[in-house]
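Peer 1: Quick note: the sequence shown uses full-length UniProt numbering, first residue 1, plus one each step.
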Amino acid sequence: MSVGIVVPLPAYTLNPAFIAQKAEALGFESIWYHEHPILPVDSASPFPATGGEIPWTYRHFSEPYISLAMAAAVTGTIKLATGITLVTERNPLILAKEISVLDLHSNGRFIFGVGAGWNREETTMMGGDFDHRWTQAREAVMALKALWTQDEAEFHGHYYDFPPVYCYPKPAQKPHPPILLGGNAPNVLKRVARYADGWLPNRITPSQVEESRKTLDALAAEQGRDPASVVISVFGQPPDTTRDQVDAFLNAGAVRVAVWPTHCETEQEMGEQLERMAEALVR
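1. Leaving aside the five residues before and after serine 67 along the sequence, list all residues of the same chain whose C-beta is less than 6 Å from its C-beta, in chain order.
2. Taking only the alpha-carbon atoms, compute the straight-line gap between leucine 104 and proline 238 and give it to the nearest angstrom.
3. With 16 as the cutoff for other CB atoms within 10 Å, does glutamine 136 come out buried or exposed?
4. Please look up how many angstroms separate the CB atoms of glutamate 122 and proline 48, rounded, as I've assumed it's under 8 Å.
5. In terms of residues, what are the limits of the beta strand (DSSP E) holding isoleucine 5?
6. Do you know how far the Cα of glutamate 89 is from the Cα of valine 188?
7. Using DSSP with H/G/I as helix, E/B as strand and the rest coil, what is isoleucine 78?
8. Between phenylalanine 28 and tyrosine 12, what straight-line distance do the alpha-carbon atoms span, to the nearest angstrom?
9. Nearest CA to the CA of glutamate 211: which residue from Lys170, Ala254, Pro171?
10. In the DSSP assignment, find the beta strand (DSSP E) that holds histidine 156 and state where it starts and stops.
11. Report buried or exposed for tyrosine 166, applying the criterion of at least 16 other Cβ atoms within 10 angstroms of its Cβ.
12. Cα-Cα, which of Arg138, Arg191, Ile94, Ser233 is closest to arginine 203?
13. Whole angstroms is fine: what's the gap from histidine 60's alpha carbon to arginine 138's?
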């Protein structure tokens with residue numbers, strides 16, 4: 001139960017209820033939706049994986065919280081995750097309630113993957129401060145924590161500032177759903193140790209996970225935290241990933257590996273692909 005699936009793009013062509021129910025029946029641990037609420041037609045921002053043009057598929061994201069709510073309604077055990085939520089492009093006062101409702105009605109199955117984005121034009125258009133996006137992201141997370149844990153929550157920061165407010169319901173998970181920071185920025189592990197519950201890297205090797213695990217242990221201890229409470233979840237591995245490769249990540253210190261199936265036109269094709277993946281990956 002350590003392998004999840006990342007819903008492929010275009011992410012809205014298959015019903016979220018179908019893919020989540022199928023994945024759960026096959027024994028996958030988690031299902032992940034990612035986010036780009038909008039992409040500009042003209043963008044000078046390079047695609048991180050290649051440094052070049054943004055793939056056409058990136059125009060075709062779903063809305064993660066609506067999709068995960070549909071998934072939650074027909075499942076009972078599979079974890080429901082974002083990989084990632086662009087918190088600098090969302091209002092924390094609204095996002096806190098969306099997450100709380102999803103976590104409450106799924107009986108505490110939500111995993112909150114957080115990112116700050118790489119597309120300057122998108123971030124700016126959505127009201128984010130691209131040059132200081134991780135500072136803004138941290139403020140957003142701290143504001144969310146206040147809303148989830150305080151009966152009369154207030155927050156006073158540079159980007160978000162609100163007086164005491166009521167925010168109900170509270171999440172099922174206490175004190176809040178696990179917060180995983182995505183990406184490979186130079187200071188990401190320091191950020192994780194300071195205010196998150198884990199790291200969500202992609203484009204990484206088992207040896208890098210092992211080295212990062214040691215670094216994260218030391219950083220967590222410096223913050224007075226139990227290193228075991230700060231986890232690594234490997235994200236977005238290719239569909240031909242083998243169980244040996246999954247085991248290598250787990251042995252290096254990761255707690256889960258999320259694998260990205262290829263896009264399929266029909267539910268039958270996707271179901272058959274997930275069956276093949278489960279046969280190879282799920283034990």
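Beta carbons are placed, not taken as given, at the ideal position from N, Cα and C, and that holds for glycine.
Peer 2: Taking the coordinates as given:
1. Pro16, Tyr33
2. 32 Å
3. Burial state of glutamine 136 is buried, judged by a 10 Å Cβ sphere holding 16 or more other Cβ atoms.
4. In fact, because the Cβ distance is near 13 Å, the residues do not count as touching under 8 Å.
5. Looking at the DSSP string, the run of the beta strand (DSSP E) that includes isoleucine 5 is 3 to 6.
6. 19 Å
7. coil
8. Distance between the alpha carbons of phenylalanine 28 and tyrosine 12: 20 Å.
9. Checked all of Lys170, Ala254, Pro171; the closest Cα to glutamate 211 is Ala254.
10. 153 to 156
11. exposed
12. Ser233
13. 27 Å
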